[in-house]
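Data block below; observations after.
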Amino acid sequence: MDLLNTLVDKGLRRELPTREEALAVLATSDDELLDVVAAAGKVRRQWFGRRVKLNYLVNLKSGLCPEDCSYCSQRLGSKAEILKYTWLKPEEASQAAAAGVAGGAKRVCLVASGRGPTDRDVERVGKTIEAIKEQNEGIEVCACLGLLSDGQAEKLREAGADAYNHNLNTSEATYGQITKTHTYADRVDTVEKAHAAGLSACSGLIAGMGETDEDLVDVVFSLRELDADSVPVNFLIPFEGTPLAKEWNLTPQRCLRILAMARFVCPDVEVRLAGGREVHLRSLQPLALNIVNSIFLGDYLTSEGQAGQADLDMIADAGFEVEGAGTTTLPAHRSDLADAAPSGAGCGSNGGASLCGSGAGAASAGDEAAGCGSACGGCSGHAHAEATPVPAQPAQAEPGALRSDLVAVRRRGAGTDIAPNA
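Sequential numbering from 350 applies to the sequence shown in my numbering.
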């Protein structure tokens, strides 16, 4: 296809596609799907080889959020039967992080529900970051605490944070339909604060909330303009008890097209496959590794993920390798600029020029209020205490059919006495 050849050429040159080209990727047919994946794979391998970065979520504070984000199981008024607990102590969070590090995670994502942190919360998280880094040499830490006030990003950086995650989630035009308690501009402001403090900015989206193709292209183009270092792509987990519980709009094929579009628009950044991958991609998850270069290991915030060992087996079976702690994730042209950036200059490349960004942050999928809502990795969480097997998706399942049986609410890991699914 001329379209795919053009997109590969542009991706190898780090050139921005046109909006029409991005929309055309989302409009390709199932017959063209493998060609789309292969084309995105060429761009992915150019900048990241066959490496897969592993990230691990630690939910520092779960539930009880005052924000009204429609997709989030931790939202105000949510009836979702999730774990609810207040702040983990630094030693508890460090112990939880150790499970992910032992499984090969290179980055630990610290997430807390809420609109945004108080200065006392920032101090508390700073002590947690210090505890994790004392126990795990060379580990990266990304904080995801919601909307930041002036000076808070700088305090997190001083405490040792490497990155900050806050997702845009959807397009500016439709943001007001998803959340009323804060604005799209509030989210952009927090990402810019993180950049200005010298933190690696992580910001992504949630697909499957009823958005149009134009909305998806809008938010990905906005992420490139913000020059985030990492772009987590989450797929809505329709939790029972939330307003979007019946929004089952995704197929595995559409998920792959969305990931490919994100890769073509942000060719040299860390595109992370985040929350909802197990629910929506299912048996096609290994194909996605040809597009993304980063995933979350094991569970998410409030929902069960694939077992950590299954993730590692999937990576190996697909012919990829786990990125080691001594390897720089970003391509040299981006990491050199990030290293040279003074405090106050962004960590990404060209400050929003023609490149997107590559970085970290949490998988930010279902749980994303302003605080939890910017959540690294989204509202997917940890595993079921009894580890109930997830039923296989019927081969002829109708698109849009309700599949609440695929959503397993987290019942173990951080905040419980049961070992995590890492």
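Every residue, glycine too, gets a C-beta built ideally from N, C-alpha and C.
Since this is a predicted model, take the numbers as computed values, not measurements.
Rounded to the nearest whole angstrom, the CA to CA distance from residue 660 to residue 401 is 11 Å. Here the segment 636-650 lies against the segment 376-396, with 3 or more beta-carbon pairs under 8 Å apart. Segment contact: the segment 537-550 against the segment 501-515, three or more CB-CB distances shorter than 8 Å; contact assigned. For residue 509, the CB contacts under 8 Å within the same chain, skipping 5 residues up- and downstream, are 475, 478, 479, 482, 490 in chain order. Under DSSP, the beta-bridge partners assigned to residue 621 are 581, 643. According to the DSSP secondary-structure assignment, residue 574 is paired through a beta bridge with no residue. In this structure the segment 404-416 lies against the segment 432-451, because at least three pairs of beta carbons, one per stretch, are closer than 8 Å. In the DSSP assignment, residue 533 falls outside any beta strand (DSSP E) and lies within the alpha helix (DSSP H) extending over 533-545.
Membership of residue 400 in the beta strand (DSSP E) is indicated by the continuous run 400-410. In the structure shown, residue 478 falls within a helical segment according to DSSP collapsed to helix, strand and coil. The beta-bridge partner set that DSSP reports for residue 555 consists of 583. Residue 459 carries a strand assignment under DSSP once its states are collapsed to helix, strand and coil. Less than 7 Å separates the beta-carbon of residue 584 from that of residue 604. Looking at the backbone, the Cα of residue 565 and that of residue 519 are separated by about 7 Å. In the assembly as shown, residue 626 is a buried residue. Its beta-carbon has 16 or more other beta-carbons within 10 Å. Judged by DSSP in its simplified three-state form, residue 493 adopts strand. Across the structure, residue 399 and residue 669 are spaced so that their CA atoms are roughly 5 Å apart.
The beta carbons of residue 562 and residue 375 sit closer together than 7 Å. For the pair residue 437 and residue 453, the Cα-to-Cα distance works out to about 23 Å. Closest in C-alpha terms to residue 756, from the list 433, 590, 539, comes 590. Ranked by Cα distance from residue 643, the options 556, 393, 379, 369 are led by 393. According to the DSSP assignment, residue 354 belongs to no beta strand (DSSP E) but to the alpha helix (DSSP H) extending over 351-362. In the three-state reduction of the DSSP assignment, residue 609 falls in the helix class. Within a 10 Å sphere around the beta-carbon of residue 571 sit 16 or more other beta-carbons, which makes this residue buried. Residue 502: not part of any beta strand (DSSP E); member of the alpha helix (DSSP H) spanning 501-507, first to last residue.
DSSP places residue 513 inside the beta strand (DSSP E), whose first and last residues are 512-514. Its Cα nearest to that of residue 498, the residue 467 stands out among 492, 521, 467.
Residue 628 and residue 460 have their alpha carbons spaced roughly 21 Å apart. Less than 7 Å separates the beta-carbon of residue 559 from that of residue 596. Apart from the 5 residues on each side of it in sequence, residue 396 sits with its Cβ closer than 7 Å to the Cβ of 616, 617, 680 in its chain, given in chain order. For a cut-off of 8 Å, the C-beta gap from residue 684 to residue 676 is around 11 Å, too long to register as a contact. Here the C-alpha atom of residue 495 lies approximately 10 Å from the C-alpha atom of residue 535.
Under the three-state reduction of DSSP output, residue 498 falls in the coil class, being neither helix nor strand.
In this chain, the alpha helix (DSSP H) harbouring residue 664 covers 657-666.
The continuous alpha helix (DSSP H) containing residue 635 extends over residues 634-637. Secondary structure at residue 550: strand, using DSSP grouped into helix, strand and coil.
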